[in-house]
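Asker:
Here it is as structure tokens:
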């Protein structure tokens, strides 16, 4: 076990701090942001100063080392180490109200400012080192999907197939944990949907729903048997190193309705069109409009991004968390930046058949999007 | 899929609301608390009035039905449906600062009061219906542990064994999701520790640590091969219905040092002593003291609840989340109440051998604690 708190090089930390560009003294405690700034999760705070400095107030674990590592027992201990400040930057989008008030009082500030959006914006453009992590994820993620037909046995339910994919993913090094931004988003390892369960609405803001196995976590596989003429949409966890790729492929059991095959082709077409169009500077709302337009021209708009319920986006940033910036949605105000990593997932729900469409993760380059989840895109037969 | 929002009987809801005893108008949005009050997770708010009433403001999913179900698009829509109020109760221990401020403004309140502790206190005493869910968990949990020796092959690593237990658990209906109270507590499906990895400190506030497979989630199995003379401590997810039991057993590969066997026996002895002692009204700090005292008398205090790092508790409430009230810790001010469900986990870390000790989940009854995770408690040979 490496005892150095900082698992990133000094240069890499500097690059990330420059992207954050803190303008007030800031205390970071969200696990995803701590991992971004240090390369590890610990219990405590990364303290950013407005001049680009960073120090670490650590509660646990007990043996971390480094020049700027200060052990504390409680937030109130921080005050002794930082200059008095009127304003403190905190992650007000994720930090609990009580914790925010306690930190504010601990440092004697009279005002708190939100740095959640600043952190999300910083993380939305990946460094070369981050992109390398995600490329490595993409290779493993694609390799696992290639083995899925070999995991299927006739008579299996959606959840039985999912369990075998979970096991294979874990044996290939998947960490399992699925970091999501937002307090009430929950999912276990991924989503496998067959037949009309793809049309069951869920409370969560994922692209697809599913009734789930229990009302305590109502999303995903519901125990439905995988039958002839139905699709199986597989959207499983791609976290192998703290970063994750997002990837969906569709499998089938026997012949499908032609409209399902057509919609799947339309999804592939949308991915290609968006990958070409999304050069730096492109407004992400126009990417959504393009996707919707292609679906509409194909006469498929009523199935686009759901049937009984329609998700309001066609893609999203991905990295340490599965739902990062930018979002490809009608009212989004962002533009594509070089270094964004984006999942594009034009999906369709065809009543009586199930979900079709693909999802790939792409790196935004000068010439457009470069796919890092390369595997066959057509509907793959399970039998 | 049942479209009724309320999946609990009216009587059961009344019992739970009585336990909560809201004294100001309150908006609940934490998934664990929504599940407690309704029997399902949805996106939106349960609105409690000070006279014991409950209504539901729902964003998603789209088809829920019931007398008191009101669909909203955003929190600001709530104001039209509730009387003006100066004070609003919110879950300030888990609700993000920004979300709390938005809700406060949405209902025009001038003051927010925290109901997190009230909700935790309510949930700490289970109803008969909740206890039945947990008894059902305990049967399944124990059944899975009985099959663990059959999953082991010589040469396996800790994580390889864990993956086979994950699969078996899931095939037995485990939902996988591990609900934890606290923003920065993370764990995937459970913890399997072999040898000295049990002594690696983690940033998380679990009883045991482990280095984990990656610094982005530094807890648990680390890829270490399971070797002769080492223990394997298994502490896996027991969530089969939104409630979970907590259960640990120890397995071994060949002969162990006698101090490890002695410490394991001491753990069993502590569990029995605490189960007898913990009649309603017993101070939970005295239960911790009793446990520590038994360990100390056996000359094992330096290994009690860890070796390089010592966890500061010997047990905790468990239910919808794995870390509920009461906590059995030196400074705890709670007393045992009939209907508490408590995990007791006196564990020892023996350098060179690994972790030993058991964990059971108990229901607090008039005469003491009744175990609901019944399975052999001795160290079980894997070979």
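Residue numbers (the numbering used here), protein chains in the order written: chain R, 67 to 449; chain F, 67 to 449.
Backbone N, C-alpha and C fix where the C-beta goes; we use that ideal spot for every residue, glycine too.
Quick caveat, the model's predicted, so the values are computed rather than measured.
1) If the cut is a Cβ gap below 9 Å, which residues of chain C does residue 249(F) touch?
2) Going along chain F in order, which residues have a C-beta closer than 7 Å to the C-beta of residue 180(R)?
3) Does the count of Cβ pairs from the stretch 388-404 of chain R and the stretch 292-300 of chain R closer than 8 Å reach three?
4) Report, in whole angstroms, the separation of the C-beta atoms of residue 110(F) and residue 125(F), which I expect to be a contact under 8 Å.
5) Quick check: is the beta carbon of residue 304(F) nearer than 8 Å to any beta carbon in chain R?
6) What are the residues of the stretch 249-275 of chain F that lie near chain R, defined by any Cβ-Cβ distance shorter than 9 Å?
7) Using a Cβ-Cβ cut-off of 8 Å, state whether residue 127(F) counts as contacting chain R.
8) Helix, strand or coil: how does DSSP classify residue 336(F) here?
9) Unbroken beta strand (DSSP E) runs of length 3 or more, entirely within the stretch 382-444 of chain R: which are they?
10) DSSP three-state label for residue 197(R), please.
11) With DSSP as the reference, identify every bridge partner of residue 349(F), one or two as the case may be.
12) Kindly say whether residue 307(R), judged by its beta-carbon, lies nearer than 8 Å to any beta-carbon of chain F.
13) DSSP three-state label for residue 81(F), please.
14) Got a sec, what are the start and stop residues for the alpha helix (DSSP H) residue 235(R) sits in?
15) Starting from residue 121(R), trace the beta strand (DSSP E) in both directions and tell me its first and last residue.
16) So, using beta-carbon positions, are residue 372(F) and residue 415(F) closer together than 8 Å?
17) Does the structure place the stretch 396-414 of chain R close enough to the stretch 428-436 of chain R that three or more beta carbon pairs sit under 8 Å?
18) According to DSSP, what are the bridge partners of residue 162(R)?
19) Compute the beta-carbon to beta-carbon distance between residue 254(R) and residue 242(F), rounded to the nearest angstrom, for a pair I have assumed lies under 8 Å.
20) I believe residue 217(F) touches residue 231(F) by the beta-carbon criterion, under 8 Å. Please report the beta-carbon distance rounded to the nearest angstrom.
21) Please say whether residue 422(R) and residue 277(R) have beta carbons closer to each other than 8 Å?
22) Counting only the same chain and skipping the five closest in sequence on each side, list residues whose C-beta sits under 8 Å from that of residue 174(F).
23) Cβ of residue 108(F) less than 8 Å from any chain R Cβ?
24) Do the stretch 81-94 of chain R and the stretch 175-186 of chain R meet, that is, are 3 or more Cβ pairs less than 8 Å apart?
25) Could you list the residues in the stretch 281-303 of chain R with a C-beta less than 7 Å from some C-beta on chain F, going in chain order?
26) Chain F beta carbons: is any one of them nearer than 8 Å to that of residue 229(R)?
27) Going by DSSP in three states, residue 301(R) sits in which element: helix, strand or coil?
28) What does DSSP give as the partner residues of residue 446(R) in its beta bridges?
29) Going along the chain, which residues of its own chain have a beta-carbon closer than 7 Å to the beta-carbon of residue 436(F), five neighbours each way excluded?
30) Hey, residue 307(F) and residue 268(R): beta-carbon distance below 8 Å or not?
31) Note down, one range per segment and in chain order, each beta strand (DSSP E) of at least 3 residues found wholly within the stretch 83-154 of chain R.
32) Taking the Cβ atom as the reference point for each residue, do residue 444(R) and residue 313(R) lie within a distance shorter than 8 Å?
33) What residues in the stretch 377-400 of chain R have a beta carbon less than 9 Å from any beta carbon of chain F?
34) Using a C-beta cutoff of 8 Å, does residue 243(F) count as contacting chain R?
35) Measure the CB-CB distance between residue 214(R) and residue 238(R) and report whether it falls below 8 Å.
36) Going by DSSP, what residues sit across from residue 370(R) in a beta bridge?
Answerer: Reading from the atomic positions:
1) No chain C is part of this structure, whose protein chains are labelled R and F.
2) Numbered from 1 along the first chain, position 114 holds the residue referred to as residue 180(R). Residues of chain F passing the Cβ test: 164.
3) no
4) If you number the second chain from 1, residue 110(F) lands on position 44. If you number the second chain from 1, residue 125(F) lands on position 59. Sure, about 5 Å apart at Cβ, within 8 Å.
5) Here residue 304(F) refers to the residue found at position 238 of the second chain. With 8 Å as the cut-off, residue 304(F) does not count as an interface residue toward chain R.
6) 249, 250, 252, 253, 254, 255, 266, 267, 268, 269, 270, 271 and 275
7) Position 61 of the second chain holds residue 127(F). Chain R contact via Cβ: present.
8) Here residue 336(F) is taken as the residue at index 270 of the second chain, counted from 1. Helix at residue 336(F).
9) 390-394, 407-410, 413-416, 420-423, 426-431 and 434-437
10) One-based indexing of the first chain puts residue 197(R) at position 131. Three-state DSSP puts residue 197(R) in a helix.
11) On the second chain, residue 349(F) is found 283 positions in, with the first residue counted as 1. Residue 349(F) is bridged to 401(F).
12) In the first chain, the residue the question calls residue 307(R) occupies position 241. Chain F contact via Cβ: present.
13) For the purposes of this step, residue 81(F) is taken as residue 15 along the second chain, with counting starting at 1. Helix at residue 81(F).
14) Within the first chain, residue 235(R) is the residue found at index 169, counting from 1. That run of the alpha helix (DSSP H) goes 224-237.
15) Numbered from its first residue, the first chain carries residue 121(R) at position 55. Run containing residue 121(R): 120-126, per the beta strand (DSSP E) assignment.
16) For this step, residue 372(F) is matched to residue 306 along the second chain. For this step, residue 415(F) is matched to residue 349 along the second chain. Cβ atoms of residue 372(F) and residue 415(F): closer than 8 Å.
17) yes
18) Looking up residue 162(R) in the first chain gives position 96. Answer is 162(F).
19) As a first step, residue 254(R) must be located in the first chain, where it is residue number 188. As a first step, residue 242(F) must be located in the second chain, where it is residue number 176. With a Cβ gap of about 4 Å, residue 254(R) and residue 242(F) count as contacting.
20) Taking the second chain and counting its residues from 1, one reaches residue 217(F) at position 151. Taking the second chain and counting its residues from 1, one reaches residue 231(F) at position 165. Sure, about 6 Å apart at Cβ, within 8 Å.
21) What you label residue 277(R) is simply residue 211 of the first chain in a count that begins at 1. What you label residue 422(R) is simply residue 356 of the first chain in a count that begins at 1. The answer is no: Cβ separation not under 8 Å.
22) Along the second chain, one-based indexing puts residue 174(F) at 108. Taken in chain order, the residues that qualify are 145, 150 and 151.
23) Here the question's residue 108(F) lines up with position 42 in the second chain. Yes, residue 108(F) counts as interfacial toward chain R.
24) yes
25) 281, 282, 283 and 284
26) Taking the first chain and counting its residues from 1, the one referred to as residue 229(R) is at position 163. Taking Cβ atoms only, chain F reaches closer than 8 Å to residue 229(R), which makes this a yes.
27) In the first chain, the residue the question calls residue 301(R) occupies position 235. Residue 301(R) falls in the strand class under three-state DSSP.
28) Numbered from 1 along the first chain, position 380 holds the residue referred to as residue 446(R). Paired residue(s): 317(R).
29) Taking the first residue of the second chain as position 1, residue 436(F) is located at position 370. Hits under 7 Å: 428 and 429.
30) The sequence position of residue 307(F) within the second chain is 241, counting from 1. The sequence position of residue 268(R) within the first chain is 202, counting from 1. Not closer than 8 Å, so no.
31) 92-94, 109-114, 120-126 and 135-137
32) As a working mapping, residue 444(R) is identified with position 378 in the first chain. As a working mapping, residue 313(R) is identified with position 247 in the first chain. No, the pair does not count as a contact, with Cβ atoms beyond the cut-off.
33) 386
34) Within the second chain, numbered from 1, the residue matching residue 243(F) stands at position 177. Yes, its Cβ sits closer than 8 Å to a Cβ of chain R.
35) Within the first chain, residue 214(R) is the residue found at index 148, counting from 1. Within the first chain, residue 238(R) is the residue found at index 172, counting from 1. The answer is no: Cβ separation not under 8 Å.
36) Reading the first chain from its first residue, position 304 is the one you call residue 370(R). Answer is 414(R).
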